[in-house]
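Take the sequence shown: its letters are residues 1013 to 1336, numbered as in our numbering.
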Amino acid sequence: MGSSSSSYTPKTIYLDVDGKVQRVIFSRHCSPCDIRDLLCSSSNIARNTAVLLIDSEGALISIDPTMPANTPNNLYKVMPHSTNQGEEKEDMFQNVLSQVAEQFTRAFRNSELKTEVTNRLAMLEKRVELEGLKVVEIEKCKNDLKKLKDEMTSGSMRVNCNCKYNFTDDGKKLSPRRDVPNYPKYTLSQETIDALKKPTFDVWHWEHNEMLSCLEYMYHDLGLVKEFNMNPITLKRWLLAIQENYRDNPFHNFRHCFCVSQMMYGMIHLCGLQDRLTMTDMCILMTAAVCHDLDHPGYNNTPFINLGSPQRNKPPTYSAYVLH
Ligand SMILES: [Zn+2]
């Protein structure tokens, strides 16, 4: 008996573990913590879990070496101690985490929204800018067209020419003739008619009225008057206006016009172009030759360049006169 009361004698208690009796023996020198671990292990509960020890009547038993011993008829039971406070803290922590996550999500969404709005705004600004430029260009075109229309209506296009060198200094204007042409009639001999068809025709010994008659004959001979139902009087008026609007300068004068036109006429006959070209083609060729140096000022490009004409910026292969 003396040994059982010794402080070195182990203590035995009996537990109810899932309806079975579990005997637990521990030294009286164990710490409460060691006993708690032992109780957890005996009851299939994870170590370090907070537990309570209760007897069959539900009374709490202090877990320490001095706890009262029991018998298999009066079992103790180990119960996990639920820490509501810990759960509450965990819930609160989860709650805070959720709120923080939500704030982050909102912030990211706001950032994405801001980027998208900025991009869309930039695109809109660009479109507005482009539309604005288009409107400006359209307005410019409208103004140019209006100006052109006004100039054509007033017939003052040549007067308003931007060139500093004004081609109409002498007051000459191309305007429809209303009077009947009064150049002396010249009847062409058969010899002249035959010679006129050759590129070797001598253009130097003819008066203006004779050259006019030759040009008139060419239009009739090629069948252009008949084909295009030209009024012969209108043809005379037109040729007279052409002659009057060639300037009296050393080279690009009416004789040069006649020379080029006669060469064109001679080439048509020499090369048999009447069989190869349409009447429209021949009419275009002849009329282009007749008109090709109309109102030529008699200068090369240099005066235009020196006078600061806008034509000076054109490629050098362009004749300043042709642009005029
Ligand atoms: Zn020429």
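Built from N, CA and C at the ideal position, the CB exists for glycine as well.
Compare the Cα-Cα distances from residue i to each of the options and report the closest residue.
i               : options                            : result
serine 1068     : Val1029, His1041, Ser1123, Asp1103 : Val1029
proline 1084    : Phe1213, Asn1312, Asp1260, Tyr1026 : Tyr1026
arginine 1059   : Lys1209, His1093, Arg1040          : His1093
tryptophan 1216 : Met1276, Lys1161, His1268          : His1268
tyrosine 1020   : Val1033, Glu1114, Gly1031, Arg1040 : Arg1040
leucine 1285    : Arg1139, Tyr1229, Lys1209, Asn1265 : Lys1209
threonine 1292  : Lys1248, Trp1250, Leu1234          : Leu1234
isoleucine 1076 : Lys1101, Ser1054, Asn1056, Leu1050 : Sequence check: residue 1076 is aspartate here, not isoleucine. When each option's Cα is compared against that of aspartate 1076, the closest is Leu1050.
lysine 1089     : Val1036, Pro1244, Asp1046, Glu1137 : Val1036
cysteine 1045   : Lys1032, Val1033, Ala1062          : Ala1062
isoleucine 1066 : Met1091, Lys1248, Gly1144, Glu1102 : Met1091
serine 1043     : Ser1055, Thr1078, Gly1031          : Thr1078
Going by DSSP, what residue range makes up the alpha helix (DSSP H) through residue i?
i               : result
arginine 1249   : 1244-1256
lysine 1023     : It is not in any alpha helix (DSSP H) - lysine 1023 instead sits in the beta strand (DSSP E) that spans 1023-1029.
isoleucine 1280 : 1266-1282
isoleucine 1057 : Segment: none, isoleucine 1057 is in no alpha helix (DSSP H) and carries neither H nor E.
glutamine 1202  : 1202-1208
serine 1225     : 1220-1233
threonine 1292  : 1291-1303
Would you kindly check if the distance between the Cβ of residue j and the Cβ of residue i is under 8 Å?
i                  : j               : result
phenylalanine 1263 : glycine 1310    : yes
phenylalanine 1240 : cysteine 1303   : no
methionine 1298    : leucine 1200    : no
alanine 1071       : threonine 1024  : no
serine 1273        : leucine 1224    : no
glutamine 1255     : histidine 1220  : yes
tyrosine 1258      : glutamate 1222  : no
alanine 1301       : methionine 1276 : yes
Quick one: grab the DSSP three-state call for residue i.
i                  : result
lysine 1158        : helix
asparagine 1172    : Residue placement at asparagine 1172 is flagged as unreliable, the pLDDT there being 42, under the threshold of 50; the coordinate-derived value follows with that caveat. In the structure shown, asparagine 1172 sits in coil (DSSP, three-state: anything other than H, G, I, E or B).
valine 1215        : coil
isoleucine 1073    : coil
tyrosine 1020      : coil
proline 1092       : strand
tyrosine 1330      : Annotation note: pLDDT 46 at tyrosine 1330 (below 50); position unreliable, coordinate value reported separately. Correct three-state label for tyrosine 1330: coil.
asparagine 1178    : Residue placement at asparagine 1178 cannot be trusted, given a pLDDT of 41 that sits under 50; the coordinates are not used to answer.
lysine 1197        : coil
glycine 1183       : Caution is warranted here: a pLDDT of 48 is assigned to glycine 1183, below 50, making its placement in the model unreliable, and no coordinate value can be reported.
phenylalanine 1240 : coil
leucine 1087       : coil
Hey, could you find the ends of the beta strand (DSSP E) residue i is sitting in?
i               : result
glutamine 1034  : 1032-1038
asparagine 1083 : Inspection of the sequence shows that residue 1083 is occupied by threonine rather than by asparagine. Segment: none, threonine 1083 is in no beta strand (DSSP E) and carries neither H nor E.
proline 1309    : Careful: proline 1309 lies outside any beta strand (DSSP E) and carries neither H nor E.
leucine 1065    : 1063-1066
CB of residue i to nearest heavy atom of ligand 1: below 7 Å?
i              : result
valine 1272    : yes
aspartate 1305 : yes
histidine 1281 : no
histidine 1268 : yes
histidine 1232 : no
histidine 1220 : no
histidine 1217 : no
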